[in-house]
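Here is the structure we will look at.
Residue numbers (the working numbering): 2 to 137.
The following block contains the structure:
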């Protein structure tokens, strides 16, 4: 079974019905059948929540949170995972990435998973990862 890490960019594109929403939807539908396994760091979940809340409302953020909860996406906690926090800190110290992005990259690196994003800031870590599924 392949494993993919979703960056918040991918889910935000899906929720905003951006051009790559169809690609994300196909990935979500495949995950319902068992492959790929989709992971999302709770830090990136929080990034989605605050972005929706800031752009719309807390009610809308709660609605999006419920939608994510209904998807076949495994939320990966940071609680006590010093290896994940350390790798994210290394990316933050050595690359020009946002802190939440560092968690997506760190999770992909540590789980030997492909990162799913359209955020070109991740080009800086592409060689550090198994691969990146670039959304358009």
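All C-beta atoms in this analysis are idealised placements derived from N, C-alpha and C, irrespective of residue type, glycine included.
Predicted, not measured: the structure shown is a model, and the values here were computed from it.
Is there at least one non-hydrogen atom of the ligand MN closer than 7 Å to the beta-carbon of residue i?
i          : result
residue 95 : In the structure on display, the ligand MN does not appear, and there are no ligands present to speak of.
To the nearest angstrom, how far is the alpha carbon of residue i from that of residue j?
i           : j           : result
residue 105 : residue 7   : 7 Å
residue 129 : residue 73  : 26 Å
residue 78  : residue 43  : 5 Å
residue 55  : residue 66  : 14 Å
residue 19  : residue 85  : 30 Å
residue 119 : residue 11  : 7 Å
residue 51  : residue 75  : 19 Å
residue 132 : residue 123 : 11 Å
residue 64  : residue 113 : 31 Å
residue 110 : residue 49  : 21 Å
residue 17  : residue 46  : 16 Å
residue 3   : residue 127 : 18 Å
residue 121 : residue 87  : 23 Å
Run the CB neighbour count on residue i, radius 10 Å, all protein chains shown included, and call it buried at 16 or more, exposed below.
i           : result
residue 152 : With the chain represented from 2 up to 137, any question about residue 152 goes unanswered, as that position is not in the structure.
residue 68  : exposed
residue 23  : exposed
residue 39  : buried
residue 9   : buried
residue 34  : exposed
residue 21  : buried
residue 14  : buried
residue 70  : exposed
residue 83  : exposed
Write down the C-beta distance between residue i and residue j rounded to the nearest angstrom, noting that I regard them as a contact closer than 8 Å.
i           : j           : result
residue 98  : residue 117 : So it is not a contact: roughly 16 Å between Cβ atoms.
residue 125 : residue 93  : Residue 125 to residue 93, Cβ: 11 Å. No contact.
Taking 8 Å as the threshold (beta carbon to beta carbon), is residue i in contact with chain D?
i           : result
residue 108 : Checking the listed chains, one finds no chain D in this structure; it contains a single protein chain.
Are at least three pairs of beta-carbons, each pair with one atom in the segment 59-69 and one in the segment 21-33, less than 8 Å apart?
-> no
Just list the alpha helix (DSSP H) runs in the segment 36-98, keeping only unbroken ones of 4 residues or longer that don't cross its boundaries, in chain order.
-> 43-56, 59-70 and 83-95
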